[in-house]
Each structure stands twice: as structure tokens, then as C-alpha cells.
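Peer 1: Under the numbering used here, read the sequence shown as residues 515 to 649, first letter to last. Glycine included, every Cβ here is placed at the ideal spot set by N, Cα and C.
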Amino acid sequence: MPEPEHDLLKEDLPGPPLAVAAESLFLVNLMIAPGLAFVILVVLWWRHRLSAPALARNHLKQTVVASLWGGGLLVGVSVAVFLLGGFANPWSWVVGVLYFVCFHAMLILFGVIGLNRAMLARPYRFPIIGPKLVE
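#1: Under 8 Å: do the segment 600-607 and the segment 579-591 share three or more Cβ pairs, one atom per stretch?
#2: Helix, strand or coil: how does DSSP classify A547 here?
#3: Just to confirm, are H573 and A632 a CB contact at a threshold of 8 Å?
#4: Flag this pair as yes or no: are the beta carbons of L629 and V534 separated by less than 8 Å?
#5: Under a three-way DSSP split, which group does S565 fall into?
#6: To the nearest angstrom, report how far apart L532 and L623 are at their CA atoms.
#7: By alpha-carbon positions, which one of L612, V609, L621 and A570 ends up nearest to V542?
#8: When you compare only the Cα positions, how much space is there between E537 and V609?
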């Protein structure tokens with residue numbers, strides 16, 4: 515029997531609240547309150563990593579790992595570009611800013627897809643930087 519479709523316009527809070535909160539905090543960390551949202555996300559993961567339902571654990575783990583990898587890659591590659599090219603080189607700025615903007619936008623896009631999957635009560639794995647899904 516196929517799974518019933520969710521009507522996102524009629525439901526108050528579609529999807530498991532903990533999974534939706536995890537994905538929302540991932541996006542808030544990227545766009546509105548970096549650092550603060552990450553700390554709240556890690557605290558949420560720490561409290562519910564063993565007791566939450568499987569779907570919520572999936573979204574919590576994916577967002578925490580993606581935040582760590584994403585932040586490390588954003589900062590690490592940007593610093594490497596400027597260390598290798600120098601701050602006075604205009605091409606370092608072109609490459610550094612272009613990399614940062616494109617990678618940051620990609621993380622936001624993957625976060626929106628993850629939020630959509632959480633709202634539909636489905637598991638999600640961040641491409642490349644997300645840990646493997648556990649069945």
C-alpha cells in the first residue's frame with residue numbers, strides 16, 4: 515500500500531518536529547545565526563541521539579555531521595586559497611570569494627532539500643559530506 519501524501523498547506527506542522535527542527539537549525543546556522551544555531555543543534559543532538567525515533571536521529575546526525583564538514587571545508591579551503599595566493603593577489607580574492615559563495619549556496623540548497631524531506635517524514639543523506647544512512 516503506498517504511503518499517503520502529505521498536504522503541506524493543511525497540516526500544522528508536517529513531519530516529525532525534531533527532524534524539522536534539526537534541518538531548520540542547519541539552515542539558521544548557515545544564514546541567520548552562525549555558531550549559535552550550531553550550538554543549539556549539537557545540544558539537541560546530544561540530548562536525543564539515543565532516545566529519538568529513527569527518522570529524527572537520521573536528520574539530527576546528518577545535520578550535525580554536515581555542519582562540521584561544511585564549516586571545516588568553508589573555512590579551511592578559504593584560508594588555504596589566501597595562504598597560497600596571498601592577500602595582495604586579486605586572483606586570490608576572486609577564487610576565494612567565488613568558492614565561498616558557491617559552496618555556501620550549495621550547503622543552503624542541500625539544507626532546503628533536507629528540510630523538505632524532514633517535512634515529508636522521509637530520511638535524507640547530505641551528498642558527499644553526510645554519513646551513510648543506517649537501515
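Peer 2: Let's see:
#1: No, the segment 600-607 is not in contact with the segment 579-591.
#2: Residue numbering aside, residue 547 sits at position 33 when the sequence shown is read from its first letter. For A547, the secondary structure class from DSSP, reduced to helix, strand or coil, is coil.
#3: Position 59 of the sequence shown holds residue 573. Position 118 of the sequence shown holds residue 632. In this structure, the beta-carbon distance from H573 to A632 falls below 8 Å.
#4: Position 115 of the sequence shown, counted from the first residue, corresponds to residue 629. Position 20 of the sequence shown, counted from the first residue, corresponds to residue 534. In terms of Cβ geometry, L629 and V534 form a close pair [threshold 8 Å].
#5: Counting from one through the sequence shown, the residue named residue 565 turns up at place 51. S565: coil per DSSP, three-state reduction.
#6: As a first step, residue 532 is located in the sequence shown; it is residue number 18 there, counting from the start. As a first step, residue 623 is located in the sequence shown; it is residue number 109 there, counting from the start. Whole-angstrom Cα-Cα distance: 20 Å.
#7: The residue labelled residue 542 in the question sits at position 28 within the sequence shown. Comparing Cα positions, the closest option is L621.
#8: To locate residue 537, count along the sequence shown from 1; it is residue 23. To locate residue 609, count along the sequence shown from 1; it is residue 95. About 29 Å.
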